[in-house]
Amino acid sequence: MVSQQKRALGWIEWLKGWLSLFYEILFQRIWACHLQNPLHLPHLHHLTCIVTGSTSGIGLEIARQLAESGAHLIMACRNTKAGEELIQKWQEEWTGMGVPLNIEVMELDLQSLDSVVRFARAWNARLLPLNVLINNAGIFSIGAPQRFSKDGYEEHMQVNHLGPALLTILLLPSLIRGTPSRIVNVNSVMHHLGFVDPDDLNLVSGRRRYGSMIGYTGSKLAQIMFSSILQKKLPSEAGISIICVSPGIVHTNIARTQPRIIQAGYQLIPYFLFNAQEGARSAIFAATDPQVSEYCGVLKADDWPTCAYLSCDCRPTNPSEEAHNVETSQRVWEKTLELVGLPSDVVEKLLEGEDFQCKYGVD
Ligand SMILES: NC(=O)c1ccc[n+]([C@@H]2O[C@H](COP(=O)([O-])OP(=O)(O)OC[C@H]3O[C@@H](n4cnc5c(N)ncnc54)[C@H](OP(=O)(O)O)[C@@H]3O)[C@@H](O)[C@H]2O)c1
Numbered sequence: 001m002v003s004q005q006k007r008a009l010g011w012i013e014w015l016k017g018w019l020s021l022f023y024e025i026l027f028q029r030i031w032a033c034h035l036q037n038p039l040h041l042p043h044l045h046h047l048t049c050i051v052t053g054s055t056s057g058i059g060l061e062i063a064r065q066l067a068e069s070g071a072h073l074i075m076a077c078r079n080t081k082a083g084e085e086l087i088q089k090w091q092e093e094w095t096g097m098g099v100p101l102n103i104e105v106m107e108l109d110l111q112s113l114d115s116v117v118r119f120a121r122a123w124n125a126r127l128l129p130l131n132v133l134i135n136n137a138g139i140f141s142i143g144a145p146q147r148f149s150k151d152g153y154e155e156h157m158q159v160n161h162l163g164p165a166l167l168t169i170l171l172l173p174s175l176i177r178g179t180p181s182r183i184v185n186v187n188s189v190m191h192h193l194g195f196v197d198p199d200d201l202n203l204v205s206g207r208r209r210y211g212s213m214i215g216y217t218g219s220k221l222a223q224i225m226f227s228s229i230l231q232k233k234l235p236s237e238a239g240i241s242i243i244c245v246s247p248g249i250v251h252t253n254i255a256r257t258q259p260r261i262i263q264a265g266y267q268l269i270p271y272f273l274f275n276a277q278e279g280a281r282s283a284i285f286a287a288t289d290p291q292v293s294e295y296c297g298v299l300k301a302d303d304w305p306t307c308a309y310l311s312c313d314c315r316p317t318n319p320s321e322e323a324h325n326v327e328t329s330q331r332v333w334e335k336t337l338e339l340v341g342l343p344s345d346v347v348e349k350l351l352e353g354e355d356f357q358c359k360y361g362v363d
């Protein structure tokens, strides 16, 4: 008998998703009251970190704090001029506080898979170890009509999932060189409202009516599913931990494309919202705390269905019920590799040191 495929979230899951979101808005401050702001970080001179989307909001704070703690920091951003200006400002503010910050900008536009391949090639060619990759850049174009990247993919899916997925895979050789290393994905509690149809990652089949909420939440769920399979594919000896985090509900520029009324809402509830520094804590914790890699090791040893997930209070939590669906996760993995133009056995090839072709980034 052919099993009937699920076509949307069940209404109980949907209700639970909304409750998770409202709980996070109402209680995040209480949950996270044990955390310092900013987090106290040890010296990180031994770390090389790439942070995507580091010109604004949460990514900007992550980048600044990691650099001020001594890490070699690469700001992967589409607006390189804004990145250079930030570096100049931070260096000036840092004058007299120690050795100059070790920070640089490299161009990355996640709307273009060619750009992702170019970035990864340029970084890998330096043959430097990479200890931390933070996939932070993301968009949430509330209320906008369905839009597609120049590669032809729905824009939330491309910027929040497909682009970061391609970047992660292509940077694996550098992450292996930097072992023990970590991949941190800045995810969202809103993935609880997400549903992914692997045969329709682009949301064009008409089976579900497009809305930016569907695009955003689905892209965040797809990221967890993809990360969970990657975690399984990487042997423990590779020494790479994968962690998804919720930053909380944070007052950043993510509301820039949202209707005025929503932007005004942001201003009205400042007590409940985290500022960017508070929102950066879970990603910084995931990138630097020694217990996090131990926790990832335990999940892997237990063959847990999902990768590690940290809540906005930096504590481990379970992602949504849908994220635990191993069969869908596997299909999301396969479809993602197909869409970003990589062979289905790319990880195995990488681990064996074999060459492989990517459809994108061909001159
Ligand atoms: N704010 C929240 O409440 C919240 C809650 C949950 C999860 N998150 C997640 O947190 C992450 C950071 O968001 P944020 O709130 O800090 O928003 P933000 O202030 O809008 O920052 C987003 C960053 O991503 C970059 N970016 C956007 N599109 C890009 C592209 N095509 N290529 C490269 N970089 C791109 C932006 O660069 P430009 O400056 O050039 O546009 C910016 O640096 C996102 O993944 C978001 O989904 C945020």
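Heads up, the sequence shown is in the UniProt record's numbering, so the first residue is 1 and it goes up one at a time. Where is the CB? At the ideal position from N, CA and C, for every residue including glycine.
From the options, residue whose alpha carbon lies closest to that of residue i
i: Leu110; options: Leu167, Asn253, Met225; result: Leu167
i: Leu39; options: Gly353, Cys312, Lys233; result: Cys312
i: Ala63; options: Asp200, Pro100, Glu104; result: Glu104
i: Gly138; options: Leu342, His156, Ala122, His192; result: His156
i: Cys244; options: Cys314, Asp303, Arg256; result: Cys314
i: Gly70; options: Pro100, Asn275, Ala122; result: Pro100
i: Trp11; options: Leu342, Ser205, Val347, Glu322; result: Glu322
i: Leu351; options: Ala238, Tyr153, Gly83; result: Ala238
i: Ile176; options: Tyr216, Val132, Gly143; result: Val132
i: Tyr271; options: Arg7, Lys16, Glu24, Trp14; result: Glu24
i: Glu348; options: Lys233, Pro42, Trp304; result: Lys233
i: Gln146; options: Trp94, Ser205, Gln88, Ser112; result: Ser205
i: Val340; options: Lys150, Leu127, Phe140; result: Lys150
Residues near residue i in its chain [Cβ-Cβ closer than 7 Å; skip 5 each side]
i: Val332; result: Val196, Pro198, Ala222, Met225, Phe226
i: Lys220; result: Asn160, Asn187, Ser188, Met190, His191, Gly194
i: Ser329; result: Met225, Ser228, Ile229
i: Arg208; result: Ala8, Ile214
i: Lys335; result: Pro198, Leu201
The beta strand (DSSP E) enclosing residue i, as first and last residue numbers
i: Asn135; result: 132-135
i: Ser181; result: 181-186
i: Thr48; result: 48-52
i: Ser241; result: 240-245
i: Val105; result: 103-107
i: Ile74; result: 72-77
i: Leu310; result: 308-310
Distance cut-off 6 Å: residue i Cβ against heavy atoms of ligand 1
i: Ser141; result: no
i: Arg118; result: no
i: Ala283; result: no
i: Gln91; result: no
i: Ala137; result: yes
i: Ile169; result: no
i: Asp109; result: yes
i: Asn275; result: no
i: Asn102; result: no
i: Pro247; result: yes
i: Val132; result: no
i: Arg147; result: no
Min CB distance residue i to chain D below 7 Å
i: Arg121; result: Among the protein chains of the structure shown there is no chain D, as only one such chain exists.
Span separating the alpha-carbon of residue i from that of residue j
i: Trp18; j: Glu68; result: 37 Å
i: Asp355; j: Ala125; result: 15 Å
i: Ile35; j: Ile284; result: A quick correction: the sequence has Leu, not Ile, at residue 35. If you take the alpha carbons of Leu35 and Ile284, they lie about 12 Å apart.
i: Asn102; j: Val51; result: 14 Å
i: Thr55; j: Gln277; result: 14 Å
i: Val2; j: Thr317; result: Reliability of the predicted coordinates at Val2 is poor, the pLDDT of 47 falling under 50, and the value obtained from them is presented with this limitation in mind. C-alpha separation (whole angstroms): 34 Å.
i: Pro320; j: Asp200; result: Per the sequence shown, the amino acid found at residue 320 is Ser instead of Pro. Distance between the alpha carbons of Ser320 and Asp200: 20 Å.
i: Cys77; j: Leu108; result: 5 Å
i: Gln91; j: Leu73; result: 13 Å
i: Ser181; j: Val362; result: 29 Å
i: Gly353; j: Pro173; result: 9 Å
i: Gly53; j: Val326; result: 30 Å
i: Leu130; j: Ile183; result: 10 Å
i: Leu86; j: Met106; result: 13 Å
i: Phe27; j: Ser20; result: 10 Å
i: Ile254; j: Ile142; result: 9 Å
i: Thr80; j: Ile261; result: 31 Å
i: Lys16; j: Ser212; result: 20 Å
i: Asn202; j: Glu154; result: 5 Å
i: Pro42; j: Glu294; result: 18 Å
i: Leu128; j: Gly178; result: 8 Å
i: Glu61; j: Gln158; result: 24 Å
First and last residue of the uninterrupted alpha helix (DSSP H) at residue i
i: Leu66; result: 57-68
i: Met213; result: 212-233
Residues near residue i by beta carbon distance below 6 Å, same chain, minus five either side
i: Trp31; result: Asp313
i: Asn135; result: Thr52, Pro164, Asn185
i: Asp114; result: Tyr360, Gly361
i: Cys49; result: Leu66, Ala71, Leu73, Val132
Residues near residue i by beta carbon distance below 8 Å, same chain, minus five either side
i: Val250; result: Gly57, Ile58, Leu273, Phe274, Asn275, Ala276, Glu278, Gly279
i: Ala264; result: none
i: Leu310; result: Ile243, Cys244, Val245, Ser246, Ser282, Phe285, Ala286, Val292, Pro316, Thr317
i: Gly297; result: Ser236, Ser241
i: Val117; result: Leu166, Leu170, Cys358, Tyr360, Gly361
i: Cys307; result: Ile224, Ser227, Ser228, Leu230, Gln231, Ile242, Ile243, Cys244, Cys296, Leu299
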